[in-house]
Structures are given as C-alpha cells and as structure tokens.
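In case it helps, the working numbering puts the sequence shown at residues 11 to 181. Idealized CB from N, CA, C, for every residue including glycine. Data block below; observations after.
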Amino acid sequence: SRKDGDRIISISFAWEPNRAIVVPMESLDSLEASSLRAVIRDAFASPNLYWIGQNAYAFDIPILKQWWDVDVTNYLLDTMVAHHVLNPEFPHDLGFLTSQYTLIPYYKDMIHTDLYRYNGLDAVATYQVAVAQYQDLERRGLTGYYKNYCHPLLTTFQKMQSRGLTIDMEY
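Now the structure itself:
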C-alpha cells in the first residue's frame, strides 16, 4: 500500500508472478471504500489465504490495523526479514531484492510519475522475490530457522514498535 499523511492512496495485491491488481483508494466514494475495506478485512483474516510482504510488520500491517482495523493472519513470509537471514551483509530494500531475485527492470524512480504502476510492480516484485527466497531458504537449510525463530518474533517487534519500551532511566 502507498500512504500519504493520514490516508491510504492505493493498495495492491499479486496472486501470481506477473499479475497484480492495484486499487486507487482515493478514487472511490465513501460507500465503495467502506465496502472494499470490509472485503480486505475479511481476506486478511481468512484461514484459507497466506500473505507475504516487504517489511510489512513495520509498515503495512500497523497502517492497516490503525486506519482500517484489519488484522493480518496467515502472514507467511516477510521478504526483508528473509533477506536478513539469507544475506545479512547486503541491503534489504525492495529495489535491491528485485535486482537480485527477479528480471524486473528498475522501476523505483516512477513513484512520482506513475504511482499505480509503481504500486503494482511492488506487489509483483514482492511475490517473485518471496518465491525465490523461499527456495533459497529451503536450499540452504534455513527454512526452519526463519519459520520457527525469526518470523514469530515479528509480532513481538511490531508490538514493541507500536507501544514502545519501558526504560529504567535510573538503572
């Protein structure tokens, strides 16, 4: 999703390597937007769907919860976190991951000229990166480490980010 101040401008979903849908939220009237939020809320809570994202626990998931009261369940893979596991010494932004795991040409500079295409390419790139990373995790014997150690900590990190930490200043 792309956000601007206090609103979500667009949201995109990819369901296969080269297909995505981008919904321009700002072009919807209030009834359409409300109906779409309900559909999205149900989809993210569905036990039959699995979700991937790029840095979603730090960005997308808190925004969806705060603004639309969406609880994301069945979150399968975060490509940024998976890349920390696979290649901790490299950059972890989606532009770098796209260049390493896909054949998608560089598109990150179009954010100001073609936002919706940019948003769709982000979804497709994230999908392709996640597929390649999952194979990498399996090939390198790191799937269990990601699933059993790193991924479960994402919920804790997100809660820490949203609530903060208590610090004993005297100590």
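Secondary structure of residue i, DSSP reduced to three states
i      : result
Val5   : Here the chain covers residues 11 to 181 and nothing more, so residue 5 does not appear.
Pro34  : strand
His68  : Here residue 68 turns out to be Ala, not His, going by the sequence shown. Correct three-state label for Ala68: coil.
Arg150 : coil
Phe54  : helix
Pro162 : helix
Glu42  : helix
Leu175 : coil
His102 : coil
Exposure of residue i, with buried meaning 16 or more beta-carbon neighbours within 10 Å
i      : result
Val32  : buried
Asp132 : buried
Val49  : exposed
Leu104 : buried
Gly151 : exposed
Gly154 : exposed
His93  : buried
Option nearest residue i by Cα separation, candidates the options
i      : options                       : result
Ala7   : Ser40, Asp39, Leu59           : There is simply no residue 7 to check, as the chain begins at 11 and stops at 181 in what is shown.
Gln64  : Leu164, Tyr181, Ile177        : Leu164
Ser22  : Cys160, Thr153, Leu46         : Leu46
Glu26  : Arg149, Asp88, Ala140         : Ala140
Ser109 : Gln138, Thr83, Asn84, Tyr181  : Gln138
Lys75  : His93, Ala55, Asp88, Asp39    : Ala55
Asp39  : Ala30, Asn28, Asp52, Ile19    : Ile19
Pro115 : Ala135, Asn158, Asp124, Trp78 : Ala135
Tyr85  : Ser172, Ala30, Ala43, Ile62   : Ile62
Paired residues, beta bridge with residue i - DSSP
i      : result
Tyr117 : DSSP, once it has assigned bridges, lists no residue as partnering Tyr117.
Ile62  : Leu87
Arg29  : Glu26
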